[in-house]
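Asks: One structure, pasted below without further comment.
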Amino acid sequence: MNAGAGNSLQQRASRVAAIAAQFADNVDTEARFPREAINAMKAEHLLGIQVPTDLGGEAAQVEQIAEICSIIGQSCAASAMIFAMHHIKLSSLVEHGQSAQWHRAFMHRVAAEQLLLASATTEGGIGGDLRNSLCAIEIDGDTCRLEKNATVISYGTEADAILITSRSGAEAASSDQVMTVFVRDQYTLEKTNGWDTLGMRGTCSEGFVFRGTGSTEQILPHPFAEIAAQSMLAMAHLLWSALWYGIAVDAVTRAQSFVRAAAKRTPGVQQPGALRVAEASNMLQMLKSEIVACLNTYRHAKDDSDKLASMGFAITMNNLKVGASQSILQIINHAMLVCGIMGYKNGTPYSLGRHLRDANSAQLMVSNERILGNTATMLLIHKQNTSLLG
Amino acid sequence: MNEAIRELLAKVGGLPVAVDQISDEEDLYNAGLSSFASVQLMLGIEDTFDIEFSDQFLNRKSFASIKAIERTVEAILKNNEDA
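Residue numbers (our numbering), protein chains in the order written: chain A, 7 to 396; chain B, 283 to 365.
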């Protein structure tokens, strides 16, 4: 497409993707923040699209955001992941912060100033179980204070604000949590862990001790349990799956180009990789159908809090995440078989190393083992829906 | 019914506080009920009252407090009678 032409969300996302693609290898090699891509998202005003229109946003729906994740994911998975994580955090504000004046004003700022939001849900001593906290928010009149040993805050030093979980008070049980928004000038980050990883190197998911002071108004008015169950987990699994799909799409596109180039060189000969491309295309289609079906499920459940809180919905979203994270590895592996040494090597038009390394994060980022365990527990009591369409 | 629910809660709830210190209206999740324990509790209730929870009742709200559980069980028992 022509740069600068067209202002649909997809066209804006494609312009970001073109910039992200230019720097993707360097971001990966250096394990650095994808500044160019994030600046392009800001220039295209993509960081505020989810904010309601009366607060200066575009009221973008989850399927539109998912499409953007997929488009950017085809160029640079780390950039797409940062975009996804930002919008997962923003969804907590949009879905659970609209009744609070402070959060409404903050959403207005996110749209107007294109603020980048980060998340601090994991904690030393708790690990990846985001539904429990050790740290507690201290409330002193109108002021709140929080110190958290956050083992991961992706792009923490680059964010303009951090949404952070804690127990709701000194006496609260570990599962009685709140989420608070702290803006950049209200906290300090003391680095505790680096981020030199196999893939997703550009997310810079370093560990920090977070120390913040703000106003009690900045605490989201709904319990974190509700936020997690009703929007955050579903948004995360949907947007992650969309960008993982993007990684897989690009891998299959490369494999297809490889076979097509070979077919042109030796016309009339069936290429050995052609059947693998057909298989990969089959798997890709199943993944796409699954993501689209789950986006529809979420859209239909969104206005029905009982449905959102139901086990059936949670199981569906868990299955999406586990299935998508596993199938992209198979798909990319197929593409690798097709491209052979040209896929294995870096720096060729068919290179797939970065795709494969980035894709490996999917089954670990919220561990599939944990999610399967959670689903297994629910299946002890949940009765299967045996109908095809219902 | 209240007593039977409390007995099950004491057995499988794994709460950090004694069950008799929890009021009927108190939020069980905030009191420390884990999702694993809540499923154990649901299984126990199905067994004790000889009922089955359909998906519409399998959500946090139905099990948020002892009172909520009572209401859920009553609703299912009434449904079964009507059917």
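Virtual Cβ for every residue (Gly too), placed ideally from N, Cα, C.
Computed from a predicted structure; not experimentally measured.
When every heavy atom of the ligand SAH is checked, does at least one fall within less than 8 Å of the C-beta of I159/A?
Replies: By its list of ligands, the structure shown contains no ligand whatsoever, and the ligand SAH lies outside what it can speak to.
Asks: Kindly list, in the order they appear in chain A, the residues whose Cβ is closer than 9 Å to that of G314/B.
Replies: Translated into positions along the second sequence, residue 314/B becomes position 32. Result: A179, S180, S181 and D182.
Asks: Less than 9 Å between CB atoms is the rule here; does R376/A satisfy it with respect to chain B?
Replies: Numbered from its first residue, the first sequence carries residue 376/A at position 370. Taking Cβ atoms only, chain B never reaches closer than 9 Å to R376/A, which makes this a no.
Asks: Is there a C-beta anywhere in chain B that falls below 9 Å from the one on A315/A?
Replies: Start at 1 with the first residue of the first sequence, and residue 315/A comes out as number 309. Closer than 9 Å: yes.
Asks: For the region 360-390 of chain A, enumerate the residues whose C-beta is nearer than 8 Å to any C-beta of chain B, in chain order.
Replies: Listed by position along the chain: N380, T383, M384, L386, I387, H388 and K389.
Asks: Buried or exposed for V283/A, going by 16 or more other Cβ atoms inside 10 Å?
Replies: Position 277 of the first sequence, counted from the first residue, corresponds to residue 283/A. Classification of V283/A: buried, given that the 10 Å Cβ count is 16 or more.
Asks: Quick one: residues in its chain with C-beta nearer than 8 Å to the C-beta of A176/A, no 5 flanking neighbours on either side, listed in chain order?
Replies: Here residue 176/A refers to the residue found at position 170 when the first sequence is read from its first residue. Hits under 8 Å: A142 and E144.
Asks: Between which residues of its own chain and M7/A is the CB-CB distance below 7 Å, once the five residues before and five after are set aside?
Replies: If you number the first sequence from 1, residue 7/A lands on position 1. Its pLDDT being 40, under 50, M7/A is placed unreliably by the model, and the measurement read from it follows with that caveat. Q17 and S20, listed in sequence order.
Asks: Can you tell me the Cβ-Cβ gap for S331/A and W250/A, rounded? I've got them flagged as a contact below 8 Å.
Replies: The sequence position of residue 331/A within the first sequence is 325, counting from 1. The sequence position of residue 250/A within the first sequence is 244, counting from 1. Yes, S331/A and W250/A are in contact; Cβ-Cβ is about 7 Å, under 8 Å.
Asks: Determine, using beta carbons only, whether E296/A and S367/A come nearer to each other than 9 Å.
Replies: Working through the first sequence from its first residue, we reach residue 296/A at position 290. Working through the first sequence from its first residue, we reach residue 367/A at position 361. Cβ atoms of E296/A and S367/A: not closer than 9 Å.
Asks: Spell out the partners DSSP gives E129/A in its beta bridges.
Replies: By one-based count along the first sequence, residue 129/A stands at place 123. Looking at the DSSP assignment, E129/A forms a beta bridge with G133/A.
Asks: Given a threshold of 16 other Cβ atoms within 10 Å of its Cβ, counted over all protein chains shown, does P397/A qualify as buried or as exposed?
Replies: Given a span of 7 to 396 for chain A in the structure shown, any question on residue 397/A remains unanswerable.
Asks: Taking Cβ to Cβ, would you say N284/B is nearer than 9 Å to D306/B?
Replies: Position 2 of the second sequence, counted from the start, is the residue given in the question as residue 284/B. Position 24 of the second sequence, counted from the start, is the residue given in the question as residue 306/B. A contact, by the Cβ cut-off of 9 Å.
Asks: Which same chain residues, not among the five before or five after N339/A, have their C-beta less than 8 Å away from its C-beta?
Replies: Along the first sequence, one-based indexing puts residue 339/A at 333. Answer for N339/A: L362, listed in chain order.
Asks: Once you ignore the five residues that flank H228/A on each side, which residues in its own chain have a CB closer than 6 Å to its CB?
Replies: Mapped onto the first sequence, residue 228/A falls at position 222. Only H102 meet the Cβ criterion.
Asks: Under the three-state reduction of DSSP, which class applies to L290/B: helix, strand or coil?
Replies: Taking the second sequence and counting its residues from 1, the one referred to as residue 290/B is at position 8. L290/B: helix per DSSP, three-state reduction.
Asks: Span of the beta strand (DSSP E) holding E375/A?
Replies: The residue given as residue 375/A occupies position 369 in the first sequence. No beta strand (DSSP E) holds E375/A; the alpha helix (DSSP H) holding it covers N374 to L385.
Asks: Given a cut-off of 9 Å, decide if K389/A and D337/B are closer than it, judged by their beta-carbon atoms.
Replies: To locate residue 337/B, count along the second sequence from 1; it is residue 55. To locate residue 389/A, count along the first sequence from 1; it is residue 383. Yes.
Asks: Is the beta carbon of L244/A sitting closer than 9 Å to the one on C300/A?
Replies: The residue labelled residue 244/A in the question sits at position 238 within the first sequence. The residue labelled residue 300/A in the question sits at position 294 within the first sequence. Taking 9 Å as the Cβ cut-off, L244/A and C300/A qualify as a contacting pair.
Asks: Hey, how far is the Cα of N45/A from the Cα of N391/A?
Replies: As a first step, residue 45/A is located in the first sequence; it is residue number 39 there, counting from the start. As a first step, residue 391/A is located in the first sequence; it is residue number 385 there, counting from the start. Roughly 45 Å separates the two Cα atoms.
Asks: Does the beta-carbon distance from V215/A to T203/A come in below 9 Å?
Replies: Position 209 of the first sequence, counting from 1, holds the residue named residue 215/A. Position 197 of the first sequence, counting from 1, holds the residue named residue 203/A. Their beta carbons are not under 9 Å apart, which means V215/A does not touch T203/A by this criterion.
Asks: Assuming contact is defined by CB atoms lying nearer than 9 Å, are G437/A and A106/A in contact in what I supplied?
Replies: Residue 437/A falls outside the range modelled here, since chain A spans only 7 to 396, and no answer is possible.
Asks: Do S172/A and V184/A count as a contact pair if the criterion is CB distance below 9 Å?
Replies: Here residue 184/A refers to the residue found at position 178 when the first sequence is read from its first residue. Here residue 172/A refers to the residue found at position 166 when the first sequence is read from its first residue. Closer than 9 Å, so yes.
Asks: Might you give, ordered along the chain, the residues of its own chain that have their beta carbon closer than 7 Å to the beta carbon of L61/A, omitting 5 neighbours on each side?
Replies: Stepping through the first sequence from its first residue, residue 61/A is reached at position 55. Hits under 7 Å: R110, M113, H114 and A117.
Asks: Give me the Cβ distance between G131/A and L140/A, rounded to the nearest whole Å; I'm assuming they're in contact under 8 Å.
Replies: Here residue 131/A is taken as the residue at index 125 of the first sequence, counted from 1. Here residue 140/A is taken as the residue at index 134 of the first sequence, counted from 1. Confirmed, about 5 Å.
Asks: Kindly confirm or deny that the region 60-77 of chain A and the region 27-40 of chain A touch, where touching means at least three C-beta pairs closer than 8 Å.
Replies: No, because fewer than three Cβ pairs between the region 60-77 of chain A and the region 27-40 of chain A fall closer than 8 Å, the two stretches do not touch.
Asks: Mapping DSSP to helix, strand and coil, what is I78/A?
Replies: For this step, residue 78/A is matched to residue 72 along the first sequence. I78/A falls in the helix class under three-state DSSP.
Asks: Which value, in whole angstroms, describes the spacing of the CA atoms of L394/A and Y304/A?
Replies: Numbered from its first residue, the first sequence carries residue 394/A at position 388. Numbered from its first residue, the first sequence carries residue 304/A at position 298. One C-alpha to the other measures close to 18 Å.
Asks: Are the Cβ atoms of Q120/A and P58/A separated by less than 9 Å?
Replies: Along the first sequence, read from residue 1 onward, the residue named residue 120/A stands at position 114. Along the first sequence, read from residue 1 onward, the residue named residue 58/A stands at position 52. It is not a contact, given that the beta carbons lie outside the stated cut-off.
Asks: Return the chain-ordered list of same chain residues with a C-beta closer than 7 Å to the C-beta of L378/A, the five sequence neighbours on each side being excluded.
Replies: Taking the first sequence and counting its residues from 1, the one referred to as residue 378/A is at position 372. Closer than 7 Å at the Cβ level, and outside the excluded window around L378/A, lie V328.
Asks: Given that a residue counts as buried once 16 or more other Cβ atoms are within 10 Å of its Cβ, and exposed if not, what is A300/B?
Replies: Residue numbering aside, residue 300/B sits at position 18 when the second sequence is read from its first letter. The residue is exposed, with fewer than 16 neighbouring Cβ atoms inside 10 Å.
Asks: Looking only at its own chain, which residues have a Cβ that is under 6 Å from the Cβ of S237/A, when we skip the five neighbours before and after it?
Replies: Locating residue 237/A in the first sequence gives position 231, where the first residue counts as 1. If we look at S237/A and ignore the five residues flanking it on each side, its Cβ neighbours are S97 and E101.
Asks: Is the Cβ of F331/B closer than 9 Å to any Cβ of chain A?
Replies: Taking the first residue of the second sequence as 1, we reach residue 331/B at position 49. Taking Cβ atoms only, chain A never reaches closer than 9 Å to F331/B, which makes this a no.
Asks: If you reduce the DSSP assignment to three classes, tell me which class Q28/A lands in.
Replies: Indexing the first sequence from 1 puts residue 28/A at position 22. Note: Q28/A maps to helix in three-state DSSP.
Asks: So, with DSSP's three-state summary, where would you put R363/A?
Replies: In the first sequence, the residue the question calls residue 363/A occupies position 357. The answer is helix: DSSP assigns R363/A an H, G or I state.
Asks: Taking C-beta to C-beta, are A126/A and V158/A nearer than 9 Å?
Replies: Along the first sequence, read from residue 1 onward, the residue named residue 126/A stands at position 120. Along the first sequence, read from residue 1 onward, the residue named residue 158/A stands at position 152. Their beta carbons are under 9 Å apart, which means A126/A touches V158/A by this criterion.
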